[in-house]
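Down below is the structure, laid out as structure tokens.
Protein chains: 2
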Amino acid sequence: MARLGRRPDGGPDTRETILAAARDLFAVNGFDRTTIRAVATRAEVDPALVHHYFGTKDQLLAAALELPVDPVAVLGDLGDDPERAGAELVRRVLGLWEGDPETRRRLVALMRTGLSHDHAATLLRDLFGRTILLVLQGFVAGDRPELRAALAGTQMGGLVLGRYLVGVPAVADASVDELVAAVGPTVQRYLTGPLDR
Amino acid sequence: MARLGRRPDGGPDTRETILAAARDLFAVNGFDRTTIRAVATRAEVDPALVHHYFGTKDQLLAAALELPVDPVAVLGDLGDDPERAGAELVRRVLGLWEGDPETRRRLVALMRTGLSHDHAATLLRDLFGRTILLVLQGFVAGDRPELRAALAGTQMGGLVLGRYLVGVPAVADASVDELVAAVGPTVQRYLTGPLDR
């Protein structure tokens, strides 16, 4: 096919051009209806170049939202005791926010962006659904794995919002150990306990 | 004192002028360091007029953030069974969001505003601390009432964010009864249960 008018492959701004195109399309059309081909067309590059820079569509979404960590690396292996998964999840998530300041800054920006308007919320929902919630489902025992993972997500999301974005004093001042002890059983119950009592 | 240059009391825009002044000062200085007198000075009205329109400083903050409901009216009386308070709280909060569309629109706007940047987060923290968390503390039995109320707040905040702002499918599609059954015990435990197991 003719490639007249397309930018030369690998130009210095190509990566950013692709990311900007991806953010636009993900925000307007959501993840499912956005194709690598459509992103390439909008960025005026070859689809192979999108794959070359970013890999899969999931990886492109993560790059578009600047997810600063790989959820699988952070949450994927929680040790051998399934009854400790809830506490360990809370500890890992808090550890991520408490660690590198640049990571925390990008997580704050990601959540603020994702909560700022409907289009961005679509991005955040897709991102969580395809990364964090999918990882969480790996720790679910029981019926309704998607609801269980999502409920665990609401608690952990609310906790990091309260502690790091809003700064509610009691949860901002508590130690990580206190929060792991208090919130771990909640997450554990959502993952493996009874959902109706 | 001279009142030259002040707007005539009760002019048609006076109420909005006071609200705008209050939003500015609350956002920059936070709740504690903002006085009714300072709001009046900025709005160029008499402090008595601020009290006349808005009552206490708490009521002024609620008006400035357009809190569309009175938390005490929604949450203040949860019935006679303290062991059902968690479930009843979840039901009331979801009922508020599921009811009047205009209320829901304003709640979404309030949360988006409050999470959008640091100054607004200060407002949201003050608002929650002085209204919702204070009401929640009324249902606490056990040590650390502030932490208990705040933890209940993180779960309910995360739930409404997931369901109404982000639209995480599993929690957006669940029925109110299912969410009350699943999340009620979490809130109940934060309010009255052991915090460390």
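Quick mapping for you: the protein sequence lines, in order, are chains A and B. When we follow our numbering, the leftmost residue of the first sequence carries the number 8, and every step to the right adds one. When we follow our numbering, the leftmost residue of the second sequence carries the number 8, and every step to the right adds one. Beta carbons are placed, not taken as given, at the ideal position from N, Cα and C, and that holds for glycine. Model, not experiment: these values are computed from the prediction.
Which same chain residues end up closer than 8 Å to residue i when comparing Cβ atoms and leaving out the 5 residues on each side of it in sequence?
i, result
"Gly83/B", "Val142, Gly145"
"Val187/A", "Ala94, Val97, Arg98, Leu101"
"Ala128/A", "Gly121, Leu122"
"Gly12/A", "Note on Gly12/A: pLDDT 48, under 50, position unreliable in the model; no value is reported."
"Val147/B", "Arg155, Ala156, Leu198, Thr199"
"Leu7/B", "Lying outside 8 to 204, the shown extent of chain B, residue 7/B is not represented and no answer is given."
"Thr24/B", "Arg14, Ala50, Glu51, Val52"
"Val115/A", "Tyr171, Leu172"
"Asp31/A", "Arg49"
Look up residue i in the DSSP assignment and say whether it is helix, strand or coil.
i, result
"Thr42/A", "coil"
"Pro201/A", "coil"
"Leu72/B", "coil"
"Val175/B", "coil"
"Phe146/B", "coil"
"Arg22/A", "helix"
"Ala189/A", "helix"
"Arg170/A", "helix"
"Thr63/A", "coil"
"Ala181/B", "coil"
"Arg30/A", "helix"
"Gly86/B", "coil"
"Thr138/A", "coil"
"Glu153/A", "helix"
"Glu109/A", "helix"
"Gly37/A", "coil"
"Val52/A", "coil"
"Gly12/A", "For Gly12/A, the pLDDT reaches just 48, beneath the cut-off of 50, and the residue's location in the model is therefore unreliable, leaving the point undetermined."
"Val194/B", "helix"
Taking Cβ-Cβ distances shorter than 7 Å, what residues in chain A pair up with residue i?
i, result
"Pro54/B", "The premise fails here: Pro54/B is roughly 29 Å from chain A at the closest Cβ pair, so nothing lies under 7 Å."
"Pro192/B", "Arg204"
"Ala128/B", "Leu172, Val173, Gly174"
Which residue marks the beginning of the alpha helix (DSSP H) containing residue i, and which one marks its end?
i, result
"Val79/A", "78 to 82"
"Gly93/A", "92 to 105"
Looking only at its own chain, which residues have a Cβ that is under 6 Å from the Cβ of residue i, when we skip the five neighbours before and after it?
i, result
"Arg111/B", "Trp104"
"Arg49/B", "Ala28"
"Arg137/A", "Asp65"
"Asp20/B", "none"
"Asp133/A", "Phe38"
"Pro75/B", "Thr110, Arg113"
Between residue i and the rest of its own chain, which residues show a CB-CB distance below 7 Å, the 5 nearest in sequence each way excluded?
i, result
"Leu26/A", "Ala70, Ala71"
"Gly149/B", "Arg155, Thr199"
"Phe158/A", "In the sequence as presented, Phe is not what sits at residue 158/A; that position holds Leu. Excluding sequence neighbours, Leu158/A sits near Tyr197."
"Leu130/B", "Phe33, Ala34, Leu72, Gly121"
"Val81/A", "Arg99, Leu103"
"Arg44/B", "Pro54"
"Val79/B", "Val142"
"Val22/A", "The sequence given here has Arg at residue 22/A, not Val. Tyr60."
Who are the neighbours of residue i on chain B, taking C-beta pairs under 7 Å?
i, result
"Gly164/A", "Gly165, Leu168, Gly169"
"Arg132/A", "Val173, Gly174, Val175"
"Val97/A", "By Cβ distance, chain B contributes nothing, its closest Cβ being about 11 Å from Val97/A, past 7 Å."
"Gly160/A", "Gly169, Val175"
"Ala148/A", "Near Ala148/A there are no residues of chain B at all, since even the closest Cβ is about 15 Å away, more than 7 Å."
At 8 Å on the CB atoms, spell out the chain A contacts of residue i, in chain order.
i, result
"Glu153/B", "Pro176, Ala177"
"Ala181/B", "Leu154"
"Phe135/B", "Val173, Val175"
"Ala70/B", "Ordered by position in chain A, no residue passes the 8 Å Cβ test against Ala70/B, which lies about 20 Å from the chain."
"Ala188/B", "Leu202, Asp203, Arg204"
"Ala92/B", "In chain order: nothing, as chain A lies at least about 15 Å away."
Against residue i, what residues of chain B qualify as contacts under a CB-to-CB distance less than 8 Å, listed in chain order?
i, result
"Gly157/A", "First, the amino acid is wrong: residue 157/A is Ala here, not Gly. Within 8 Å Cβ-Cβ: Gly169, Val175, Pro176, Ala177, Val178."
I'd like to know if residue i contacts chain D, where contact means its C-beta is closer than 8 Å to some C-beta of that chain.
i, result
"Gly121/A", "Among the protein chains of the structure shown, namely A and B, there is no chain D."
- Message: Within 8 Å, do at least three Cβ pairs link the region 170 to 179 of chain B to the region 154 to 161 of chain A?
- Response: yes
- Message: For the structure I just gave you, are there three or more beta carbon pairs, one from the region 181 to 194 of chain B and one from the region 98 to 113 of chain B, closer than 8 Å?
- Response: yes
- Touching by the beta-carbon criterion (3+ pairs, under 8 Å), the region 26 to 38 of chain B and the region 193 to 203 of chain A: no
- Three CB pairs or more closer than 8 Å across the region 92 to 99 of chain A and the region 53 to 62 of chain A: no
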